[in-house]
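According to the working numbering, the stretch in the sequence shown is residues 205 to 353, in order.
The structure appears below as structure tokens.
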Amino acid sequence: MRIALYQPDIAGNVGAILRTAACLGLGVDLIEPMGFTWSDKALARSGMDYVGQVDVVRHMDWAAFLAQVSGRIVLLTTKGAVRLDAAVFAEDDVLLMGSEGAGVPAEVHARADVRVLIPMRAGMRSMNISVATGIVAAEALRQTGGWPI
């Protein structure tokens with residue numbers, strides 16, 4: 205199982221997701237362009253000192269990412285069709301998150317094999333991407349028996 209971030213905007217959120225991925229033993233795909241410069245200074249500033257503990261793969265664009273993806277693409281979206289508590293995950297799923305500001309374009313949304321929505325209280329727009337990633341990853345790992353030992 206992997207986490208994929210589509211054109212992430214905020215280094216701090218990527219840092220939090222990388223730390224979560226390191227702790228849970230998940231790889232991370234970064235689909236460019238990103239809204240910040242990928243550098244040692246940016247990594248240190250956003251708390252990404254765990255980056256050395258994560259299998260991080262950077263992709264030039266969506267097409268490059270698609271060319272190497274092997275599992276189902278599970279898109280986390282506020283326009284999801286399946287509630288998280290009803291979603292069924294597989295060991296080779298790629299959990300895809302959109303950019304913080306724009307989400308994903310229609311063609312990326314349409315390409316997803318599964319679209320998942322985290323149920324929220326009425327009137328709430330969305331959760332922080334790093335929090336939402338952790339929630340979905342935890343449920344996916346629970347279902348697939350993928351928690352680290």
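Note that CB positions come from ideal geometry on N, CA and C, so glycine has one too.
At the C-beta level, I235 and A208 come within 8 Å of one another. The beta carbon of M238 lies closer than 6 Å to those of P212 in the same chain, with the five residues before and after it left out.
Boundaries of the beta strand (DSSP E) around G231: 231-235. With fewer than 16 other CB atoms across the displayed protein chains lying within 10 angstroms of its CB, S330 is exposed. Excluding sequence positions up to five before and after G275, its CB lies within less than 6 Å of the CB of D296, D297, V298, all in the same chain and listed in chain order. Its Cα nearest to that of M324, the residue K283 stands out among V312, A344, K283. Using a 10 angstroms sphere on the CB of N217, the tally of other CB atoms reaches 16 or more, which defines it as buried. A Cβ-Cβ contact shorter than 8 Å links T281 with L321.
Non-local C-beta neighbours of I221 in its own chain, meaning closer than 7 Å and more than five positions away in sequence, comprise I207, L209, V232, S334, T337, ordered along the chain.
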